[in-house]
Amino acid sequence: MKRIFKILGKPRTINHQIANRKVSWLELFYDLIFAVVIARLTDSLLEHLAAASLGYSVLLFGWFIWGWNEMSGYFDNHGNDSIINVLIINAEMILTGIGALFIPEAIKGEFARISVVLMLIELLMAAVWFGLAYFDRIHGPASRVWGTVHLVSLAIMLITYFIGNEVLVIGLCFGLLLNIFDVVAANPRLAREYDQAEMEHQIKDSMIERYGLMTMIALGEIIAGLYETVNSQITSDTIIRFIICIILIALIAAIYYQVLGTLHIILSSSIATILTGWLFILAIMFSFYMGVTIQMVLRYEETSRQLNGNLAFVLSLILFLAIIRAIVFVGTETEKEENKRLITGYLIIEGIVLVGIAFLTTVWFLVGTIIILLLMIIQGRLLN
Numbered sequence: 001m002k003r004i005f006k007i008l009g010k011p012r013t014i015n016h017q018i019a020n021r022k023v024s025w026l027e028l029f030y031d032l033i034f035a036v037v038i039a040r041l042t043d044s045l046l047e048h049l050a051a052a053s054l055g056y057s058v059l060l061f062g063w064f065i066w067g068w069n070e071m072s073g074y075f076d077n078h079g080n081d082s083i084i085n086v087l088i089i090n091a092e093m094i095l096t097g098i099g100a101l102f103i104p105e106a107i108k109g110e111f112a113r114i115s116v117v118l119m120l121i122e123l124l125m126a127a128v129w130f131g132l133a134y135f136d137r138i139h140g141p142a143s144r145v146w147g148t149v150h151l152v153s154l155a156i157m158l159i160t161y162f163i164g165n166e167v168l169v170i171g172l173c174f175g176l177l178l179n180i181f182d183v184v185a186a187n188p189r190l191a192r193e194y195d196q197a198e199m200e201h202q203i204k205d206s207m208i209e210r211y212g213l214m215t216m217i218a219l220g221e222i223i224a225g226l227y228e229t230v231n232s233q234i235t236s237d238t239i240i241r242f243i244i245c246i247i248l249i250a251l252i253a254a255i256y257y258q259v260l261g262t263l264h265i266i267l268s269s270s271i272a273t274i275l276t277g278w279l280f281i282l283a284i285m286f287s288f289y290m291g292v293t294i295q296m297v298l299r300y301e302e303t304s305r306q307l308n309g310n311l312a313f314v315l316s317l318i319l320f321l322a323i324i325r326a327i328v329f330v331g332t333e334t335e336k337e338e339n340k341r342l343i344t345g346y347l348i349i350e351g352i353v354l355v356g357i358a359f360l361t362t363v364w365f366l367v368g369t370i371i372i373l374l375l376m377i378i379q380g381r382l383l384n
């Protein structure tokens, strides 16, 4: 056994933290597969746009991003260039890629094949946490809890898989919720662990960087989707709309990364840390839905559904901006309380204005949105 570990290497232990850790090439390579996931989700949802498919897209996005977050958290605390870690992250990437193949049929409500892949991802993460407990004495108690929760989630999915597709969807929902809130079960052990290792509850800068990179991928996929939308009929009008949309996305990115550079997040508990991490994930999710809805804006222009497209984009944009505001509240203790109230008040007013301009024609709606985003950037610079 020792000979095998000598060849494969061992994960880094929780008390072996790396100061100012940089994101590794392996993590960056792993993140790239999610460009495929987001593109497949966007195309499939636009092709089969309905209330049910929208719900399925939330479920699918939740599962894929949970797998990414779980692996990213593992690598942030235990990652190194050992063979065993290279094998783990590549296995996760391959399973994610295979799962992306079945996204179109899952958006239409058929989850049989994609659920098998999700169960394999669940099994992989359970094995990772149980395996880590063998190597890491301090982190072992919490790791075993997470591994157990993942096995329970796997059992639920496996049972519902053999009952039928509708029940399987319910099983996937329960399994995902168990995975997201597994930290609640492990919280007492994590509290002892952090006291023992004298660590702070925080979202480290390297993890914030990963969230930023994933958001960048989601925003990049919006631009890729715009190319597909205007490519069907390239005229001077579509080029103008394309340019306006590119400027709009650039401003959204500017607002996000203006905030990201100011964050230093130290929290009171592991539960608070996980919930704050999911704020970043919600920002990624609403970036994805902005990609879907901005294509709706362009496709529905001068049709009876034009207002629906505009309002859908406004909703996803407002939710994205609200999540950023929540992250600022948590992550910037130095910001004056008066400024926090001012920016929150501005956001409410600007949200109301965005809803109002959604009733304008497409070009004026997009231009008006750009003006509001410019005002937000100026407000951020003046008040921070």
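In the UniProt record's numbering, the protein residues as written are 1 to 384.
Virtual Cβ for every residue (Gly too), placed ideally from N, Cα, C.
Determine the direct distance from the alpha carbon of Met93 to that of Ile255, and round the result to whole angstroms.
-> Position 255 of the sequence shown, counting from 1, holds the residue named residue 255. Position 93 of the sequence shown, counting from 1, holds the residue named residue 93. Taking the straight line joining both Cα atoms gives about 30 Å.
Hey, would you say the C-beta of Ile138 is under 7 Å away from at least one heavy atom of the ligand SAH?
-> Absence of the ligand SAH is noted for the structure shown, with no ligands found whatsoever.
Assuming Ile159 and Gly171 make a contact with CB atoms under 8 Å, what is their CB distance in whole Å?
-> For the purposes of this step, residue 159 is identified with residue 159 of the sequence shown, where counting begins at 1. For the purposes of this step, residue 171 is identified with residue 171 of the sequence shown, where counting begins at 1. The Cβ separation is near 7 Å, so the contact holds.
Residue range of the unbroken alpha helix (DSSP H) whose run includes Leu49 | The count along the sequence shown starts at 1 and reaches residue 49 at position 49. Element bounds for Leu49: n/a, residue is neither H nor E.
Alpha-carbon to alpha-carbon, His16 and Glu110 = On the sequence shown, position 110 is the one that residue 110 refers to. On the sequence shown, position 16 is the one that residue 16 refers to. So the alpha carbons of these two residues sit roughly 44 Å apart.
For Trp364, is the classification buried or exposed, using 16 other Cβ atoms within 10 angstroms of its Cβ as the cut-off for buried?
-> Taking the first residue of the sequence shown as position 1, residue 364 is located at position 364. With fewer than 16 Cβ atoms within 10 Å of its Cβ, Trp364 is classed as exposed.
Can you name, in chain order, every residue of its own chain whose Cβ lies under 6 Å from the Cβ of Ala133, other than the five neighbours on each side?
-> As a working mapping, residue 133 is identified with position 133 in the sequence shown. Answer for Ala133: Gly140, Ser143 and Arg144, listed in chain order.
Among Leu176, Val128, Val230 and Glu122, which residue has its Cα nearest to the Cα of Leu151?
-> Stepping through the sequence shown from its first residue, residue 151 is reached at position 151. Residue Glu122 is the option with its Cα nearest to Leu151.
If we call anything under 8 Å between Cβ atoms a contact, is Phe130 one with Ile114?
-> Within the sequence shown, residue 130 is the residue found at index 130, counting from 1. Within the sequence shown, residue 114 is the residue found at index 114, counting from 1. No. Outside cutoff.
According to the neighbour-count rule (16 or more other Cβ atoms, all chains shown, within 10 Å of its Cβ), is Tyr211 buried or exposed?
-> Numbered from 1 along the sequence shown, position 211 holds the residue referred to as residue 211. By the 10 Å Cβ count, Tyr211 comes out buried.
Nearest residue (CA-CA) to Ile284, options Met216, Ile138 and Glu350 = Reading the sequence shown from its first residue, position 284 is the one you call residue 284. Checking every option, the nearest Cα to that of Ile284 belongs to Met216.
Look at the Cβ atom of Arg241, then the Cβ atom of Leu298, and state whether they are nearer than 8 Å.
-> Stepping through the sequence shown from its first residue, residue 241 is reached at position 241. Stepping through the sequence shown from its first residue, residue 298 is reached at position 298. Yes, these two residues count as a Cβ contact at 8 Å.
Quick one: what's Ile266 bridged to in DSSP?
-> Here residue 266 refers to the residue found at position 266 when the sequence shown is read from its first residue. Gln202.
Thinking C-alpha only, which one of Gly225, His264 and Thr344 is nearest Ala35?
-> In the sequence shown, counting from the first residue as 1, residue 35 sits at position 35. Ranking the options by Cα distance to Ala35, first place goes to Gly225.
Is there contact here, the region 312 to 329 with the region 252 to 269, by at least three beta-carbon pairs under 8 Å?
-> yes
Can you tell me whether DSSP reads Gly351 as helix, strand or coil?
-> Counting from 1 along the sequence shown, the entry for residue 351 is found at position 351. Helix at Gly351.
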